[in-house]
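> Just remember that the working numbering sits 77 ahead of the position in the sequence shown, which is counted from 1. For reference, the structure I am asking about is given below.
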Amino acid sequence: MKTISCIILFLCCVCIISCHSRQVEKTQEGRDSNDTIFVSYQEGIYETSAPTTCKEMKEWSEDEEVSEVITINKEYYDAICSYLIENANKENDDMTCEARLYVQISEHEMCIGDLGCACDINDKDIPANKYILYLIRSLSGYYNYFYSLDLQYDRLIKEYGMPVNYEDRTVKHINWEDEENYNDFRKVALVRE
78 MKTISCIILF LCCVCIISCH SRQVEKTQEG RDSNDTIFVS YQEGIYETSA
128 PTTCKEMKEW SEDEEVSEVI TINKEYYDAI CSYLIENANK ENDDMTCEAR
178 LYVQISEHEM CIGDLGCACD INDKDIPANK YILYLIRSLS GYYNYFYSLD
228 LQYDRLIKEY GMPVNYEDRT VKHINWEDEE NYNDFRKVAL VRE
């Protein structure tokens, strides 16, 4: 009798796990473009000989798999979406922002620069809501790849403070002999609770 009970319990567990796995896959598939904010960025400080364009950031993002799914509260999610949808396609002739983060929800896309600026896909400046840019950077884990001492000079950190979710991830164990396989570009998905 114990053996039969164990077999039934085992089969129930397998069924539950299988159904849960399918539900997770279905949820992730449904989030791909409509209700997920994708944020892609180069980890830490990086110097370039020429400005990084928003289109380059987009290309890198398209080649990258999502490395982390981060759940954020509805208020933050709605504020970021509203800002992105409202500003992503505004026309402006100024081009002063060098892309550091690529942000996308559905067909709306923009980039955020290292100096607290924002631009459209063509690198044209768009109105920068500093608090929303700070939220995107902090919620996506962007700040985690900088030393806390370096962050004290960040304009948005000076204004809004160190993110409560800050976690120093700057120490990396890199095998420089295998440098071509080292990838320091990151893509995260921000999803609403």
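We put the CB at the ideal spot given by N, CA and C, even for glycine.
If you count every other CB in all the chains shown that lies within 10 Å of the CB of Lys-195, and 16 or more means buried, which is it?
Working through the sequence shown from its first residue, we reach residue 195 at position 118. Note that residue 195 is Ala in the sequence shown, not Lys. So Ala-195 ends up on the buried side.
> Taking only runs that begin and end inside the stretch 120 to 185, name each unbroken beta strand (DSSP E) of 3 or more residues, in chain order.
145 to 149 and 176 to 182
> For Tyr-211, which residues of its own chain have a beta-carbon under 6 Å away from its beta-carbon, when the five flanking residues on both sides are left out?
Within the sequence shown, residue 211 is the residue found at index 134, counting from 1. Only Leu-233 and Tyr-237 meet the Cβ criterion.
> By a C-beta neighbour count over all protein chains shown, 10 Å radius and 16 as the cutoff for buried, is Arg-263 buried or exposed?
Locating residue 263 in the sequence shown gives position 186, counting from the first residue. The residue in question, Arg-263, is buried, as its Cβ has 16 or more Cβ neighbours within 10 Å.
> For the alpha helix (DSSP H) containing Lys-207, name the first residue and the last one.
As a first step, residue 207 is located in the sequence shown; it is residue number 130 there, counting from the start. Note, Lys-207: alpha helix (DSSP H), 207 to 216.
> What residue range does the alpha helix (DSSP H) around Lys-235 cover?
Along the sequence shown, one-based indexing puts residue 235 at 158. First-last of the alpha helix (DSSP H) with Lys-235: 232 to 237.
> With DSSP run on the structure shown, which of helix, strand or coil describes Asp-245?
For the purposes of this step, residue 245 is identified with residue 168 of the sequence shown, where counting begins at 1. It is coil, neither helix nor strand.
> Taking just the CA atoms, how far does Gly-190 sit from Thr-173?
Indexing the sequence shown from 1 puts residue 173 at position 96. Indexing the sequence shown from 1 puts residue 190 at position 113. Answer to the nearest angstrom: the Cα atoms are 9 Å apart.
> Opposite Asp-112 in the DSSP bridges: which residues?
Taking the sequence shown and counting its residues from 1, the one referred to as residue 112 is at position 35. The partner list for Asp-112 (beta bridge, DSSP) is empty, contrary to what the question assumes.
> In its own chain, which residues sit with a C-beta less than 6 Å from the C-beta of Ile-149, not counting the 5 before and 5 after it?
As a position in the sequence shown, residue 149 is number 72, starting the count at 1. Excluding its 5 nearest sequence neighbours in each direction, Ile-149 has C-beta neighbours in its own chain below 6 Å: Leu-216 and Leu-267, listed in chain order.
> Exposed or buried, what is Asn-242 when buried is set at 16 or more other beta-carbons lying within 10 Å of its beta-carbon?
Sequence index remark: in the sequence shown, residue 242 carries index 165 (1-based). Exposed.
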